[in-house]
Amino acid sequence: MCATCGCDSNGQVSIHEVNGHDHSHEHDHAHDHHHHDHDHNRKVIDVEQDVLYQNNLLAQRNRGYFEAKNILALNLVSSPGSGKTTLLEKTLQDVKTDLSCYVIEGDQQTNNDADRIHATGTPVVQINTGKGCHLDAHMILHALQHMKPKENAVMFIENVGNLVCPAMFDLGESARVVIASVTEGDDKPLKYPDMFHSSHVCIINKIDLLPYVPFNVETFIENAKKVNPSLEFIEVSAYKGDGLNNWYNWLKQKVQQAAAV
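Read in order, the letters of the sequence shown are residues 1 to 261 in this note's numbering.
Set out below in structure tokens:
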């Protein structure tokens, strides 16, 4: 079991490109186990700190790689069912003539989402985490070794659907994008503050359903700003297309900023 978040991440993690040629990599989560009751809590804390320390070292390595190749890396995080894969599909279809894009797709099981991304013509690498509930910097490092993305591109990393554990693991991304659906409740930022605190922009998705759900956009934004006053907000319907131009403008602005550095 992962000492940091409680997930069972000691099993094999498979990484392969979704292009008809599968590759696999066994990834051993560097999580230690201690069963001495008298100092169990202290040892668990030590292991947690070591795991996050080692992850952050690799995250910095990934970040250096992205910066050296002028790649804008976005960590897309959300709870399951928020619509982030649909948003990503739509984004790739609409911006592929303007931007060079790559995708790392994280799921516990199946290639379903990666197959949807592959259908857009975008290079994609699938990471199946098994019982693990988050991606980590080591997984991203090996996915990059498989993918070998070109310079001046956008790397979308679709994390495992979870608003808790992915908040703790820096992947080396340029920015973290949290997607929240109006079907989830406007108190979500208060229930999962770490994720919203660590994110740079929040996409409020499925706004076409606002007439049918008890969700108040102003209340949601107010709650999110309580935990992260600098958080930006973009309201969209990935399904209907409402507000997507605002998201694309944000994306292109970030690409321009990265190129200017």
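Ideal Cβ positions, reconstructed from N, Cα and C, are used throughout, including at glycine.
Remember, it's a predicted structure, so these values are computed and weren't measured experimentally.
task = Rounded to whole angstroms, what's the CA-CA distance from N70 to P214? Just pull it up for me.
result = 42 Å
inquiry  = Which same chain residues end up closer than 6 Å to V177 when comparing Cβ atoms and leaving out the 5 residues on each side of it in sequence?
reply    = Around V177: L74, L76 and V201.
query = For G64, which three-state DSSP category applies?
reply = helix
ask   = Which class does N53 belong to by DSSP, given the choice of helix, strand or coil?
value = A small fix is needed here, since residue 53 is Tyr in this sequence, not Asn. Reduced to three states, the DSSP call for Y53 is helix.
request  = Report yes or no: do the segment 116-129 and the segment 96-108 share at least 3 C-beta pairs separated by less than 8 Å?
outcome  = yes
task = Mind checking which residues open and close the beta strand (DSSP E) that includes V154?
result = For V154, the enclosing beta strand (DSSP E) stretches over residues V154 to E158.
message = Short of 6 Å in beta carbon distance, which residues of its chain neighbour H33, apart from the five on each side in sequence? Order them along the chain.
response = With a pLDDT of only 49 at H33, under 50, the local geometry of the prediction cannot be trusted, and the value read off the model is given with reservation. So no residue of the chain qualifies.
query = Thinking C-alpha only, which one of A137, K84 and P193 is nearest L52?
reply = A137
query = Near N55, what residues of its chain come up, given a Cβ to Cβ distance below 6 Å and the 5 sequence neighbours on each side ignored?
reply = D136, A137 and F169
inquiry  = Suppose the cutoff is 6 Å on Cβ atoms and the five residues either side in sequence are ignored; what does the same chain contact list for I179 look like?
reply    = S78, S82, K84, I203 and N205
request  = Please name the residue in E173, E151 and F156 whose C-alpha comes closest to that of T122.
outcome  = Of all alpha-carbon atoms in E173, E151 and F156, the one lying nearest the alpha-carbon of T122 is that of F156.
CA-to-CA distance, Y65 to A114, given in whole angstroms = 23 Å
query = Near D187, what residues of its chain come up, given a Cβ to Cβ distance below 7 Å and the 5 sequence neighbours on each side ignored?
reply = N223
ask   = Can the beta-carbon of D194 be found closer than 8 Å to that of A167?
value = yes
The alpha helix (DSSP H) enclosing E151, as first and last residue numbers = Neither: E151 is in no alpha helix (DSSP H) and is coded neither H nor E.
query = Is it right to say H23 is buried, meaning 16 or more other beta carbons lie within 10 angstroms of its own, or is it exposed?
reply = Bear in mind that a pLDDT of 47 at H23, under 50, signals an unreliable position, so the model cannot answer this.
ask   = Cα separation between H21 and H118?
value = Its pLDDT being 48, under 50, H21 is placed unreliably by the model, and the measurement read from it follows with that caveat. Cα to Cα, H21 sits roughly 13 Å from H118.
K90 burial status per 10 Å Cβ neighbour count (16 or more: buried) = By the neighbour-count rule (16 or more Cβ atoms within 10 Å), K90 is buried.
Separation of V18 from M147, as counted between CA atoms = 10 Å
request  = Closer than 7 Å by C-beta to D242: which residues in its own chain qualify, once you throw out the five before and the five after it? Chain order, please.
outcome  = I207, D208 and V236
inquiry  = Using a Cβ-Cβ cutoff of less than 6 Å, which residues in the same chain neighbour L72 once the five nearest sequence positions on both sides are dropped?
reply    = V154, S174, K254, V255 and A258
message = Buried or exposed for E26, going by 16 or more other Cβ atoms inside 10 Å?
response = Because E26 sits at a pLDDT of 49, beneath the cut-off of 50, its placement in the model cannot be relied upon, and the point is left open.
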